[in-house]
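Residue numbers (our numbering), protein chains in the order written: chain Z, 1 to 412; chain W, 413 to 824. Glycine included, C-beta positions come from ideal geometry on N, C-alpha and C. Quick caveat, the model's predicted, so the values are computed rather than measured.
Number of protein chains: 2
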Amino acid sequence: MALFSPWTKSKSSGAVLQKATNQGTRLFNQRLVLKVIYDSSPTSRADVARATGLTRTTVSGAVEHLIRSGLTEEVGTGRSTGGKAPILLNVPDEARHLIGVDVGDSRVSGAIVDLRGHVRHESQVPLDGRDGEQALSRIEDLLDRLVAATDKPLLGIGLGTPGFIDTATGTVRWAVNLDWHDLALGERLQKRYRLPVYVANDSQAAALAEYAFGHHGSSNLLVVKVGEGIGAGLVLDGRLFQGTRSGAGEIGHTAVADNRRICRCGRVGCLETVATMHAVLERARELAPDAPDSVLHGTTDPEDITFARLVSAFEAHDRLAREVVLDSAHHLGRTIGALIGSLDPSHVILVGAMTVFGDPWLAAIRREAQRSALTLLVDATRVEIGKLTPNIVVLGSAALLMTRELGLSPAA
Amino acid sequence: MALFSPWTKSKSSGAVLQKATNQGTRLFNQRLVLKVIYDSSPTSRADVARATGLTRTTVSGAVEHLIRSGLTEEVGTGRSTGGKAPILLNVPDEARHLIGVDVGDSRVSGAIVDLRGHVRHESQVPLDGRDGEQALSRIEDLLDRLVAATDKPLLGIGLGTPGFIDTATGTVRWAVNLDWHDLALGERLQKRYRLPVYVANDSQAAALAEYAFGHHGSSNLLVVKVGEGIGAGLVLDGRLFQGTRSGAGEIGHTAVADNRRICRCGRVGCLETVATMHAVLERARELAPDAPDSVLHGTTDPEDITFARLVSAFEAHDRLAREVVLDSAHHLGRTIGALIGSLDPSHVILVGAMTVFGDPWLAAIRREAQRSALTLLVDATRVEIGKLTPNIVVLGSAALLMTRELGLSPAA
DNA sequence: CCCCTTTGTCAAGGCTATGGACTAAGTCCA
DNA sequence: TGGACTTAGTCCATAGCCTTGACAAAGGGG
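Next comes the structure, spelled out in structure tokens:
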């Protein structure tokens with residue numbers, strides 16, 4: 001009894017191109033009315049009519065349908081401005097439940113989320129290094145639990161996973177860590193749960209989360225996820241951009257450094273060889289023996305220098321830790337500067353584990369970005385650390401689902 | 413008697429959001445039918461119905477309207493496949509005339525173009541270093557001549573000009589060379605000629621030209637214009653992307669080099685300091701005195717080394733010329749690699765004066781791009797020199813007009 | 001020559017938005 | 001307190017668009 005159709009239905013029509021119909025008009029206006037109510041609730045039918053240009057009659061019809069489907073409710077009356085007091089309308093937070101899933105490196109996190117991005121229920125399952133069919137099976141276990149834990153109408157499922165993902169077809173083209181190739185993940189889960197399913201790259205999901213729930217008021221933003229790897233999600237003109245082969249935002253392997261480090265992609269000089277958690281840790285381990293003034297100095301086994309220790313040292317203003325981390329930020333800043341010059345976004349949001357290095361790290365990124373692109377553009381672009389952690393991918397997957405299924409993009 | 417509305421009309425409605433109406437449905441389907449006929453002409457009403465999913469009845473209605481407006485004509489009958497022979501339909505090349513204008517550094521070029529991108533009439537006017545109101549006046553002179561030279565229904569005017577251009581409002585935000593700031597160029601010309609007017613950045617116009625007339629069969633392509641300056645135009649998912657402040661594609665000022673050259677933007681190390689015509693020429697002049705084996709050696713006045721001489725030397729395999737040009741290509745290749753990694757386009761098309769250096773230059777760009785981003789992506793991306801020169805900006809401006817006004821994007 | 005297929009048109013019907021009239025329910029002012 | 005006025009929401013007739021099914025036109029094939 002979904003209000004709007006998932007991507008599979010579009011295949012049923014033999015025609016390649018999309019035509020317009022009267023029903024399409026109705027659907028469009030219904031989504032429009034829902035969006036206006038959602039964005040400016042509480043509001044009245046008359047206000048919605050003014051905002052959309054539709055007649056009060058048409059709005060009333062759409063609202064009637066929305067109320068029947070539970071997506072809208074009447075919540076008392078508002079103040080009169082000289083005439084009959086308006087009946088206020090609202091989209092109940094829990095009119096639908098959304099399931100969002102974050103397929104991470106070591107575990108799968110999932111949550112039940114409401115239409116405003118509030119997490120209602122959380123659950124996780126470790127991956128224990130499993131991949132292929134076994135990893136998929138664990139994801140299904142998690143989904144089973146989440147579906148069972150829902151007590152509201154379920155809108156569908158959204159997943160964020162590393163790799164090259166074709167969101168239009170729900171296909172995982174290539175996910176190294178999970179050993180998935182051309183896996184029709186969306187179709188498979190849709191058949192199992194009989195719900196709309198959307199799949200996106202994890203960085204892209206993060207971008208959608210910031211777009212939907214970050215309250216940036218922008219329709220052009222880049223989210224750069226820096227942790228074990230580096231990837232970006234691009235929301236351009238209010239739409240997720242994935243590129244021709246789902247590879248948009250794969251900035252981790254941009255050549256930036258003149259070092260000779262071999263990247264997991266097989267080439268040298270990649271951004272990932274200098275700016276990931278692993279990279280800074282390696283660098284610290286390399287330099288520690290020659291840095292007697294550092295708290296990281298004097299360990300016999302390099303493995304003793306953990307990421308947590310590096311963070312502590314950094315926060316204690318340890319010279320070596322600062323140097324290593326800020327040098328990585330330098331390279332990241334140059335790449336981000338190039339991105340700003342190419343795409344002129346209004347926001348660049350940094351997320352991922354490396355954001356623990358906080359303001360000094362951010363400042364170094366900003367400084368170098370400033371040196372790397374037109375001042376006019378860089379100065380006008382807000383480079384910030386995201387505030388949605390650690391659920392950002394879960395929220396983004398849910399946002400993808402909500403946007404595609406209901407046409408809602410909360411903070412656009 | 414335009415079939416579809418230009419951007420100004422959208423202001424007349426008080427509502428902010430766009431509603432759907434029955435008339436909107438009709439308009440949409442009419443554009444759809446026109447597009448199908450345009451793309452696969454000659455074709456029949458029945459074929460259009462099959463391609464769109466509309467009924468034959470609806471298609472007939474739309475075609476009737478299109479024939480009345482001259483945008484479609486019946487051109488005989490096709491072969492029967494066992495029943496009545498279909499009446500073939502076509503969009504006449506000259507159903508409308510388009511005016512495209514390229515506001516260059518030293519002159520303004522304009523042309524009358526038909527719906528297939530054939531240039532029917534050309535005209536130019538020198539700028540003689542004029543800017544501001546005087547430059548605008550020259551453009552109007554050119555337009556007056558072009559409008560007078562048209563003998564077919566005129567669809568409108570498209571302009572490509574350097575600078576930051578907001579195409580949505582037809583405003584020139586900032587054009588250094590012409591000394592234009594926040595100039596409502598579109599509005600002004602629209603009032604003067606009472607025709608739809610669209611304005612875009614020149615690199616963006618070039619991108620639209622390649623998209624529309626380049627027959628690449630792609631909806632994600634980047635056009636990089638390398639001449640006096642360096643700029644890119646981005647067509648992403650079939651739409652021109654301009655960024656938040658119309659600054660998307662301003663890659664000329666990406667930091668790439670460790671040199672100390674001061675760029676016109678005030679910073680150092682910009683791509684434009686190493687890869688433009690001016691930059692390679694300067695570099696050749698610098699190195700010539702120390703290169704006795706070069707044909708460029710031994711000139712007393714550096715000014716004697718012209719761009720034309722550099723090109724000759726390059727083509728004659730002069731070592732110095734090769735080194736200078738291919739070194740510039742190296743930096744360009746790295747930037748293009750980064751773009752490919754960020755945006756995963758299917759094509760990167762190089763245009764502008766620097767393309768005279770041809771295949772060796774292109775090969776150097778490709779080689780470095782390959783080293784600068786994921787092999788998977790770079791190998792799948794076609795990096796080529798455009799074939800639409802020298803009219804590419806004129807054609808792109810016309811393509812912008814045609815796309816926005818008729819919904820046609822010829823080679824999508 | 002007859003049957004079948006395909007094309008294009010026609011008329012009836014269904015769906016959606018619109019516009020004016022109408023009711024309900026407030027404010028404002030005398 | 002009451003009447004004029006304003007605003008919200010609904011009702012109903014109408015217009016516009018697409019669809020459905022029927023039908024004529026026109027061609028192929030045995």
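Under a criterion of Cβ atoms nearer than 8 angstroms, the residues of chain Z adjacent to V448 (chain W) are, in order, L17.
R138 (chain Z) is a Cβ neighbour of V108 (chain Z), given a cutoff of 8 angstroms. A residue is called buried when at least 16 other Cβ atoms come within 10 angstroms of its Cβ; D553 (chain W) does not meet this threshold and is exposed. The region 218 to 227 of chain Z makes contact with the region 333 to 352 of chain Z: 3 or more CB pairs, one atom from each, lie closer than 8 angstroms. L240 (chain Z) is not a Cβ neighbour of E405 (chain Z), given a cutoff of 8 angstroms.
Around A255 (chain Z), the same chain offers G269 and C270 as residues with beta carbons nearer than 7 angstroms, after the five sequence neighbours per side are excluded.
Counting only residues of its own chain and dropping the five nearest sequence neighbours on each side, G252 (chain Z) has a CB closer than 7 angstroms to the CB of G229, I230, G231, C270, L271 and E272. Under the three-state reduction of DSSP, L500 (chain W) is assigned to strand. Near chain W, meaning a CB-to-CB distance below 7 angstroms, the residues of the region 338 to 351 of chain Z are A338, L339, G341, S342, L343, D344, P345 and S346.
Here the alpha carbons of A580 (chain W) and E187 (chain Z) stand approximately 38 angstroms from one another.
Between A725 (chain W) and L708 (chain W), the C-beta gap is smaller than 8 angstroms, which places the two residues in contact. G163 (chain Z) is positioned such that its CB atom lies closer than 8 angstroms to that of A175 (chain Z). Residue contact check for N613 (chain W) against chain Z: no CB pair falls below 8 angstroms. Within the region 218 to 259 of chain Z, complete beta strand (DSSP E) segments of at least 3 residues are found at 221 to 226, 230 to 236 and 239 to 241, given in chain order. Counting only Cβ-Cβ distances below 7 angstroms, S372 (chain Z) has contacts in chain W at T666 and A667, in chain order.
The Cβ of L620 (chain W) sits no closer than 8 angstroms to any Cβ of chain Z. D166 (chain Z) sits in a strand when the DSSP states are folded into three classes. Under DSSP, Q124 (chain Z) forms a beta bridge with Z:S109. DSSP places N201 (chain Z) inside the beta strand (DSSP E), whose first and last residues are V197 to N201. Assignment of beta-bridge partners to S44 (chain Z) by DSSP yields Z:L88. A straight line joining the alpha-carbon of D151 (chain Z) with that of N201 (chain Z) spans about 28 angstroms.
Excluding sequence positions up to five before and after A696 (chain W), its CB lies within less than 7 angstroms of the CB of L708, I717, L722, L732, A733 and V736, all in the same chain and listed in chain order. For G238 (chain Z), none of the residues of chain W pass the 8 angstroms Cβ criterion, the least Cβ distance being about 11 angstroms.
Residues of chain W whose Cβ lies closer than 8 angstroms to the Cβ of N29 (chain Z) are, in chain order, K431 and A432. Separation of the CB atoms of V790 (chain W) and A781 (chain W) is rounded to 6 angstroms, and the pair is thereby assigned contact status at 8 angstroms. G129 (chain Z) and V383 (chain Z) have their C-alpha atoms roughly 35 angstroms apart. When 8 angstroms is used as the limit between beta carbons, E272 (chain Z) is near no residue of chain W, the shortest such separation being about 11 angstroms. A660 (chain W) reaches chain Z at S342, L343 and D344, counting residues in chain order whose Cβ is nearer than 8 angstroms. By the Cβ neighbour-count rule, P608 (chain W) is buried, with 16 or more other Cβ atoms within 10 Å of its own. For L807 (chain W), the enclosing alpha helix (DSSP H) has its first and last residue at I804 to L818. At a cut-off of 8 angstroms between C-beta atoms, G110 (chain Z) does not count as an interface residue with respect to chain W. Distance from the CA atom of L143 (chain Z) to the CA atom of A775 (chain W), rounded to whole angstroms, is 50 angstroms.
Residue-level contact check: I87 (chain Z) does not touch chain W, since none of the beta carbons of chain W fall below 8 angstroms from its beta carbon. When Cβ-Cβ separations below 8 angstroms define contact, N220 (chain Z) makes contact with chain W. One finds G341 and S342 in chain Z with Cβ atoms closer than 7 angstroms to the Cβ of I663 (chain W), taken in chain order. One alpha carbon belongs to S346 (chain Z), the other to G516 (chain W), and they sit about 29 angstroms apart.
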